[in-house]
Amino acid sequence: MVAIHTAPGRRLPVKAVESVQAEENRGLVGDRYHGTKRMHVTIQSREMLDLAAVELGREIDSGGTRRNVTVDAGEIPTKPGTRMTIGDVHLEVLRVSPPCRLLDDDIGRGAAAALSRRTGSVCRLLSSGTISVGDEVTVVAAD
Numbered sequence: 002m003v004a005i006h007t008a009p010g011r012r013l014p015v016k017a018v019e020s021v022q023a024e025e026n027r028g029l030v031g032d033r034y035h036g037t038k039r040m041h042v043t044i045q046s047r048e049m050l051d052l053a054a055v056e057l058g059r060e061i062d063s064g065g066t067r068r069n070v071t072v073d074a075g076e077i078p079t080k081p082g083t084r085m086t087i088g089d090v091h092l093e094v095l096r097v098s099p100p101c102r103l104l105d106d107d108i109g110r111g112a113a114a115a116l117s118r119r120t121g122s123v124c125r126l127l128s129s130g131t132i133s134v135g136d137e138v139t140v141v142a143a144d
């Protein structure tokens, strides 16, 4: 894993952190979606960001997308039910992560279009623990 970002509230700037507490069925402590039912953790792929950057013609910082976790493990699974682990924390894919409405404002004109098929997944936390930059990411096929 290469980056972790949290934002304390809607439309507030994201903050890069080295590690974060993940709480089962609640989300990431300190993030705007902690305690909500619809979005525990959003995960994106650094490789997909790099492809979008080529299309856009400029670099895309992982925090600009407002996703929580950026991994360098290739394409992120989007099939509901697919299980993943980050370090010792277990997650389950719920759905494709919708593009943030702030992409063009935060990254620049055309960012939403360049990222439209590369937005990653929304996952539910199946266990608690600490997620840290550098943790290994593994994907297990959906049932």
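Everything in the sequence shown is counted per our numbering, starting at 2 for the first residue and increasing by one.
For each residue, glycine too, the CB sits at the ideal point set by N, CA and C.
With DSSP as the reference, please indicate the residues paired to residue i in a beta bridge.
| i | result |
| --- | --- |
| Val153 | Residue 153 lies beyond the range of the chain shown here (2 to 144); nothing can be said about it. |
| Leu29 | Ala23 |
| Gly36 | Answer is none; Gly36 lacks a bridge partner. |
| Leu92 | Met85 and Leu126 |
| Ala53 | None, per the DSSP bridge assignment. |
| Lys16 | Thr7 |
| Thr139 | Thr86 |
Pull up the distance between the alpha-carbon of residue i and that of residue j, whole angstroms please.
| i | j | result |
| --- | --- | --- |
| Thr120 | Leu95 | 14 Å |
| Pro14 | Tyr34 | 14 Å |
| Arg11 | Asp32 | 10 Å |
| Gly135 | Arg110 | 31 Å |
| Glu24 | Val30 | 7 Å |
| Arg59 | Asp51 | 9 Å |
| Leu57 | Asn26 | 36 Å |
| Ile77 | Thr66 | 15 Å |
| Ala53 | Ile61 | 8 Å |
| Lys16 | His6 | 5 Å |
| Cys124 | Pro81 | 9 Å |
| Ser122 | Glu93 | 10 Å |
| Gln22 | Val55 | 33 Å |
| Val18 | Gly130 | 15 Å |
Leaving out five residues on either side along the sequence, give the residues of the same chain with a beta carbon under 6 Å from the beta carbon of residue i.
| i | result |
| --- | --- |
| Gly28 | Tyr34, His35 and His41 |
| Ala4 | Ser63 and Thr71 |
| His91 | Leu127 and Ser128 |
| Asp73 | Val3 and Arg47 |
Are residue i and residue j close, meaning C-beta to C-beta below 8 Å?
| i | j | result |
| --- | --- | --- |
| Thr43 | Met85 | no |
| Ser46 | Ile132 | no |
| Gly88 | Glu137 | yes |
| Arg68 | Ser117 | no |
| Ala142 | Thr83 | yes |
Ignore the nearest five residues each way along the sequence and tell me which others in residue i's own chain have a CB closer than 7 Å to its CB.
| i | result |
| --- | --- |
| Pro9 | Gly31 and Arg33 |
I'd like the list of long-range same chain contacts for residue i, defined as Cβ closer than 8 Å, with 5 residues on each side in sequence excluded.
| i | result |
| --- | --- |
| Lys38 | none |
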